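Below is one structure, written out as C-alpha cells; comments come after it.
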Amino acid sequence: MRNRAPVLVLIGCLIFSASLIIWAGRGLTFFFDEWQMLLPSHPLALSTLLEPHNSQPSFMTSTIYGLGLETVGMSSQLPYRLVAVFASLACVTLLYVLVRRHTDPWLALVMIVPVLGLGAAWEALLLALSMNFLIGIATGLGMLLALEFRSRRADLLACFLLCCSLTCGGVG
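Here the sequence shown stands for residues 15 to 186, where the numbers follow the working numbering.
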C-alpha cells in the first residue's frame, strides 16, 4: 500500500485540479485567437489544417477545433476546454512518471503538484486554445519517457510523439 499511496494522492490531486479548472471557467465563451480556429468555412480542409496560427504550426489544434465544430458545434466552449484540461492532466501525469523513475515517489509528487496550477500562469488553464501548448508539452514528455525504454518500438513511438509535438506550435 505504501507504494500506491503517492499514486492515489496524485489521482486525488488530478481530480481536484480538473474540477477546479472546469468550475473556474464556467460561463466563459470563446476568446480572442480561438475565433481563427472556429470561423473557417471548411474547418477540416487540408489547407485550413496546415495554415499556421500566429506563424506557428497548429495542425493538431486546428484538427481538434475542426472535429469539434463538426460534432459539438459552437454552442459551448466546454468540450474544447475539456481537451485542454485533459492535456494539462496528461502533462502532470507524464511529468510525475518521468520524475518518479529517478527519485522517491513522495518527492516526485511534491515536485509536480505545483505544476497542476501553473503558478503565475494559472489563467492559461482556463483558455481552451492553451491545448496547443499543453498537447505539445504532453507529447514531448511522452517522447522523453519512450526514449527511456531503449527499444526499437519505443524509439518509433518517440519519433511519432515528437512529430505530434511539432504540429502543436513553436513549443514542440
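Backbone N, C-alpha and C fix where the C-beta goes; we use that ideal spot for every residue, glycine too. This one's a predicted model, so the numbers in the text were calculated from it and none came from an experiment.
Contact between Leu-158 and Leu-123 is ruled out by a C-beta separation of about 19 Å, above the 8 Å threshold.
For Ala-98, the enclosing alpha helix (DSSP H) covers residues 92-114. Leaving aside the five residues that flank Val-106 on each side, the residues in its chain whose CB is nearer than 7 Å to its CB run, in chain order, Leu-28, Ile-126, Val-129, Leu-130. In the pairwise beta carbon analysis, the region 42-59 is classified as touching the region 77-84: at least three pairs are separated by under 8 Å. CA-CA distance, Gly-26 to Leu-34, rounds to 12 Å. Spanning the alpha carbons of Leu-161 and Asp-169 requires a straight line of approximately 6 Å. Non-local beta-carbon contacts of Val-86 in its own chain, meaning distances under 7 Å to residues more than five positions away in sequence, involve Pro-93 in chain order. With fewer than 16 other Cβ atoms from the protein chains shown falling within 10 Å of its own Cβ, Ala-38 counts as exposed. A buried status is given to Thr-75, since no fewer than 16 other beta-carbon atoms sit within 10 Å of its beta-carbon.
Contact annotation: Met-88 and Leu-141 have beta-carbon atoms that are not nearer than 8 Å.
Looking at Arg-95, Glu-65, Arg-114, the one whose alpha-carbon comes closest to that of Gly-41 is Arg-95. A distance below 8 Å separates the beta carbons of Leu-103 and Ala-32. Between Ser-90 and Gly-183, the C-beta spacing is not below 8 Å. The Cβ neighbour count for Leu-64, taken over all protein chains shown within 10 Å, is under 16; the residue is labelled exposed. Nearest C-alpha to Phe-174 among Gly-154, Phe-163, Thr-43: Gly-154. If only complete runs of 3 or more residues are kept, the region 23-96 shows no beta strand (DSSP E) anywhere. A residue is called buried once 16 or more other Cβ atoms fall within 10 Å of its Cβ, and Phe-147 is buried on that count. By the neighbour-count definition (other C-beta atoms within 10 Å, threshold 16), Leu-22 is an exposed residue.
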